[in-house]
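In terms of my numbering, the sequence shown opens at residue 775 and continues consecutively.
In this text, a Cβ means the ideal position worked out from N, Cα and C, and glycines have one as well.
As the structure is a prediction and not an experimental result, all values here were calculated from the model.
These notes are about the structure you will find just below.
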Amino acid sequence: MIDGRPCLMRLKTRLHAAGRDERGAVAVQFAFLALPLAILSFGLLDMNRASLQRRQLQDALDAATLIAARSTAVTDPALDTVGDAAFLAETTGLGISLTGANSTFAAGSDNKVIGTVTVSIKPIITNLWTQSDMTVRATSEVVRSVNKLEVALVLDNTGSMASNLGSGGTKINALIDASKDLVDTLYAAAARASETDAVKIAVVPFSMTVNIGTSNASANWLSPTLPSAYGVDVFATPQNRFTLHTQTGTSWAGCVESRPDPYDIADTAPSTAIPASLFVPYFAPDEPDSKSVTYTSGGWTYFYSANNNWITNDQSSSGDWFIRQGEVAKYATSNKSKVTSGAKTTTTSGPNDGCGITSVLRMTNVRTSSGASTVKDKLDQMVATGNTNVAMGTVWGWHMVSPNAPFADGSAYGTRNVSKVLVLLTDGDNVMSETSDPNDSTYSGYGYVWQKRLKNASNVALDVGASGTERRDAMDSRQTKTCAAAKAKGVIIYAIGVGVSTHSKTVLQGCATSADKYYDVTDSAQLSAVFNTIAGSIQNLRIAK
775 MIDGRPCLMR
785 LKTRLHAAGR
795 DERGAVAVQF
805 AFLALPLAIL
815 SFGLLDMNRA
825 SLQRRQLQDA
835 LDAATLIAAR
845 STAVTDPALD
855 TVGDAAFLAE
865 TTGLGISLTG
875 ANSTFAAGSD
885 NKVIGTVTVS
895 IKPIITNLWT
905 QSDMTVRATS
915 EVVRSVNKLE
925 VALVLDNTGS
935 MASNLGSGGT
945 KINALIDASK
955 DLVDTLYAAA
965 ARASETDAVK
975 IAVVPFSMTV
985 NIGTSNASAN
995 WLSPTLPSAY
1005 GVDVFATPQN
1015 RFTLHTQTGT
1025 SWAGCVESRP
1035 DPYDIADTAP
1045 STAIPASLFV
1055 PYFAPDEPDS
1065 KSVTYTSGGW
1075 TYFYSANNNW
1085 ITNDQSSSGD
1095 WFIRQGEVAK
1105 YATSNKSKVT
1115 SGAKTTTTSG
1125 PNDGCGITSV
1135 LRMTNVRTSS
1145 GASTVKDKLD
1155 QMVATGNTNV
1165 AMGTVWGWHM
1175 VSPNAPFADG
1185 SAYGTRNVSK
1195 VLVLLTDGDN
1205 VMSETSDPND
1215 STYSGYGYVW
1225 QKRLKNASNV
1235 ALDVGASGTE
1245 RRDAMDSRQT
1255 KTCAAAKAKG
1265 VIIYAIGVGV
1275 STHSKTVLQG
1285 CATSADKYYD
1295 VTDSAQLSAV
1305 FNTIAGSIQN
1315 LRIAK
């Protein structure tokens, strides 16, 4: 009998072996999965490349945006130029293959600079069946540290500004238009700022004096009488100038006289404890009647002719010019009818002779359109009249941005992120007129020359007989010292000479903070471009370095 069990056992073993042999199935499954796995693997590679390049682009964009924010660029085109160049430099050498790169840099709200970049990357796998690129985007924002601006426009309003210079029409009209454009530019900068008081502007028209406005008549820093420290008085005893106005039926037009040395070149706060530091209302005295005082020359007798005779009957019978000029009786109320009508209604004669200029405007916030309009309205009121006293205009421009009285509108010196700026413009030499009478001068912010209130570079007071050149040089010295003192306190000065002499150009260049802040104008048509340049430069001062 044959035993069949061994055969059964061998069959069972083969069946088990056949059941364990999976090589064919695996091969089939792998064949089906190979393509999706390859696509997934290369797709992940594309994604990794995109992620890496996005990180690299973000780093480069952050650096470029920071560079743009730290630059002095203000407008979007200027920011874009700086940012694009910086972005290109940052991506060079990174091995990034870019196509269709597009970066932009622009100013945002709240002092931000915003950089954006959109980059197209050529993929590895998807490019096999499509020509579409992968898009990678990045955005960066940097908040600028900016300075607040306190600006005073110190503008020559003398009679010569009414004349033409070149093709641009009258200098005063060109100045008004150019100044208003500057205000518009700074208003736009203020409107973009996050601070509510980013830009403040003051206006200081000047000629032979400065008009501070009649609203200050009762200020405690304004002395109605001339302190003895000012120098020799016209009157034998101090007279209340407001009282003289009242008695003669005239009124104070708002001008003041220059303080005596050293206060005329400083922003020292006025104090009743120091009378010389107080300001004094302008008062041009009545000069002797014509044919009342004579002099002899070459054997002939001549009458002096007064420049500002506004009371028609002197009470004194003295033949001495200064006695007749300084008598108080003629200002009595009983003599009011003898006061000329011009003295009561104009600033071309009378106690306000020489005070025809527009009053100053204290620092005004130009964040709003109404603030900007207030400044521009003041500029529109400017008129050309009188002689030139740049030193007095400069010191009052300084008073506008100073933290000290009389106005104390400025931030404290040294306040972080605050820039104080003067824009100083004049079209001529400093002048204290010479006359052929005993006063030897017309009345001005320095009084008469014989009052010895104007000192030269050696600190010696001028007197009768000083030449026109000596007077000019003395006023130049006061101007130079004022500019130096203001700059020492951190005030930035832009100086503009409009058709000025070589001499005045040198003085103005010395006033300017640096050589690039002096502008020489030879045609009034150039004023617009000059003020636009200055406006851009002032805007740049808002960028904290």
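Tell me the DSSP secondary structure of residue i in three-state form.
| i | result |
| --- | --- |
| Ile1048 | strand |
| Thr865 | helix |
| Asn1306 | helix |
| Gly1145 | helix |
| Ser1090 | coil |
| Asn1161 | coil |
| Arg1015 | helix |
| Ala837 | helix |
| Thr1138 | strand |
| Phe1053 | strand |
| Ile1131 | coil |
| Val856 | helix |
| Gly793 | Because the pLDDT of Gly793 is 48, which lies under 50, any placement of that residue in the model is unreliable, and the question is left without a value. |
| Leu1301 | helix |
| Ser1311 | helix |
| Val1067 | coil |
When you compare the CB positions of residue i and residue j, do they come within less than 8 Å of one another, or not?
| i | j | result |
| --- | --- | --- |
| Asp1183 | Lys945 | no |
| Ile1131 | Leu1196 | no |
| Val1030 | Pro1055 | yes |
| Leu929 | Met1156 | yes |
| Thr1024 | Gly1124 | yes |
| Tyr1004 | Pro1034 | yes |
| Lys1255 | Val957 | no |
| Asp884 | Ser1002 | no |
| Ala1259 | Ala1027 | no |
| Leu923 | Leu996 | no |
| Ile986 | Met1137 | no |
| Asp955 | Asn1306 | yes |
| Thr1022 | Tyr961 | no |
| Leu1282 | Val1274 | yes |
| Val917 | Leu835 | no |
| Val1175 | Val978 | no |
| Gln1253 | Val1164 | yes |
| Gly1093 | Met982 | no |
| Arg966 | Ala912 | no |
| Asn1161 | Val1205 | yes |
| Val1113 | Trp1095 | no |
According to DSSP, which residues form a beta bridge with residue i?
| i | result |
| --- | --- |
| Phe1181 | None, per the DSSP bridge assignment. |
| Tyr1292 | Ala1269 |
| Ala880 | Ile888 |
| Cys1399 | The requested residue 1399 does not occur in the structure, where the chain is confined to residues 775 to 1319. |
| Leu923 | Val973 and Ser1193 |
| Val1113 | Ile1085 |
Residue range of the beta strand (DSSP E) that residue i falls in?
| i | result |
| --- | --- |
| Glu1244 | Run containing Glu1244: none in the beta strand (DSSP E); it sits in the alpha helix (DSSP H), Gly1242 to Ala1262. |
| Thr913 | Met908 to Val917 |
Tell me where the alpha helix (DSSP H) around residue i begins and ends.
| i | result |
| --- | --- |
| Leu1282 | Thr1276 to Cys1285 |
| Trp1095 | Trp1095 to Gly1100 |
Please list the segments of the beta strand (DSSP E) lying wholly inside the segment 927-1008, counting only runs of 3 or more residues, in order along the chain. 973-980
Curious, which full-length beta strand (DSSP E) runs of at least 3 residues does the segment 1160-1235 contain? 1192-1200
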